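> Taking mature numbering (1 follows the signal peptide of the UniProt record, and there is no 0), I'd label the letters of the sequence shown as residues -17 to -1, 1 to 139.
Where is the CB? At the ideal position from N, CA and C, for every residue including glycine.
Since this is a predicted model, take the numbers as computed values, not measurements.
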Amino acid sequence: MEFVTLIWNVAVGLCNCICTSKHAAYIVDLEDNLDSLRRKMKDLKNVYEDVKGKVQLEEQRQQKRTEQVKSWLESVKAMEIEVNKDLQSGAQEIQKKCLGGYCPKNCCSSYKLGKMVTEKLAAVTDLTRRGEQFDVVADPLPHGPVDERPMAEKTV
């Protein structure tokens, strides 16, 4: 086991020389970032359900959801699909590691996935923040046109 640790330390050292530490972190921190993404996505889903509940309540009161809220809800659904794909890819990438799970078999694909996961973390955090800031989720519907009719004179 010490041999594997030694090889890993040498590989990380070489990678740090070749890449910046930020780039190496995409590979080294992939598993932690996937866990963080999973947790943050769960938080986003909770905020989504809260906002959606408020919207449904307001729609029952004959109000119309705002365009910002409508767009945000659509963005969350799209993000959820993307994140689920990334989490699946991440699980597969982690299973493919060699040297006792210390080294990825394909550094390029691990790097790309790690970078994508880091970007998704920021996007999910931003969506969560935006969802928490909605004070108004719906506006009153405009009143329909009313036809004015002259009142007939009363004859006695």
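On the criterion of 16 or more Cβ atoms from any shown chain inside 10 Å, does A121 qualify as buried, or is it exposed?
Counting Cβ neighbours within 10 Å, A121 comes out buried, since at least 16 surround it.
> Would DSSP call C(-1) helix, strand or coil?
Caution applies to C(-1), whose pLDDT of 45 falls short of 50 and renders its modelled position unreliable; the value that the coordinates give is listed next. Of the three classes helix, strand and coil, the one that applies to C(-1) here is helix, per DSSP.
> With burial defined as no fewer than 16 other Cβ atoms inside 10 Å of the residue's Cβ, what is the status of N16: buried or exposed?
Under this definition N16 is a buried residue.
> Going by the DSSP bridge assignment, what does D122 pair with across the sheet?
Paired residues: K47.
> Smallest Cα separation from S54: which of I77, K23, K35?
For the residues I77, K23, K35, the minimum Cα distance to S54 belongs to K35.
> Taking D109 as part of the alpha helix (DSSP H), name the residues at either end of that continuous run.
Counting along the chain, the alpha helix (DSSP H) containing D109 begins and ends at 90 to 115.
> Counting Cβ pairs, one atom from each stretch, are 3 or more of them under 8 Å apart for the stretch 7 to 16 and the stretch 93 to 108?
Yes: at least three Cβ pairs fall under 8 Å.
> Could you give the distance in angstroms between the alpha-carbon of A106 and the alpha-carbon of V66?
Answer to the nearest angstrom: the Cα atoms are 10 Å apart.
> Expressed to the nearest angstrom, what Euclidean distance is found between the alpha-carbon atoms of R22 and Q46?
Computed Cα separation, rounded: 33 Å.
> Got a sec? Which residues, its chain only, sit under 6 Å from P123 by beta carbon, not counting five neighbours each side?
Counting only Cβ-Cβ distances below 6 Å, and skipping sequence neighbours, we find Q46.
> Once you ignore the five residues that flank S19 on each side, which residues in its own chain have a CB closer than 8 Å to its CB?
Excluding positions up to five away in sequence, the list reads L104.
> Using only the alpha-carbon positions, how far apart do residue 140 and D26 sit?
The chain is shown only over -17 to 139; residue 140 falls outside these bounds and no answer can be derived.
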